[in-house]
Amino acid sequence: MGKVSNALYEVVDGLARRVLDPVFSEQSDAEARDAWVALLLIAQNWRDSPDLPTDLKTVVDDALPL
Numbered sequence: 000m001g002k003v004s005n006a007l008y009e010v011v012d013g014l015a016r017r018v019l020d021p022v023f024s025e026q027s028d029a030e031a032r033d034a035w036v037a038l039l040l041i042a043q044n045w046r047d048s049p050d051l052p053t054d055l056k057t058v059v060d061d062a063l064p065l
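Right, here's the structure in full:
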């Protein structure tokens, strides 16, 4: 994996933790919502990538239609 891929992984992992921690604790907060939006925007920018999992493409298309 290249430096860019590693960096993107770290960003996505950090954002995902900000979303999932409140979900599992059943306490939503503004930081989790902002992280979720950031994750959707990353996925939206890659929505045409053949490497984007189909399930994630569906989530992005439903959440952020073009």
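Read left to right, the sequence shown gives residues 0 to 65 (numbering that gives the first Met the number 0). Even glycine gets a Cβ: it sits at the ideal position worked out from N, Cα and C. This one's a predicted model, so the numbers in the text were calculated from it and none came from an experiment.
### Message
Can you tell me whether residue 46 is helix, strand or coil according to DSSP?
### Response
Here residue 46 sits in coil by DSSP.
### Task
Please report how far the alpha carbon of residue 45 lies from the alpha carbon of residue 2, in whole angstroms.
Cα to Cα, residue 45 sits roughly 18 Å from residue 2.
### Task
Assuming residue 37 contacts residue 63 (C-beta within less than 8 Å), just tell me the rounded distance between them.
Incorrect: roughly 12 Å between the Cβ atoms, too far for contact.
### Query
Does DSSP put residue 25 in a helix, a strand or coil?
Residue 25: coil per DSSP, three-state reduction.
### Query
When burial is assigned at 16 or more other CB atoms within 10 Å of the CB, is residue 29 buried or exposed?
Exposed, by the Cβ-count rule.
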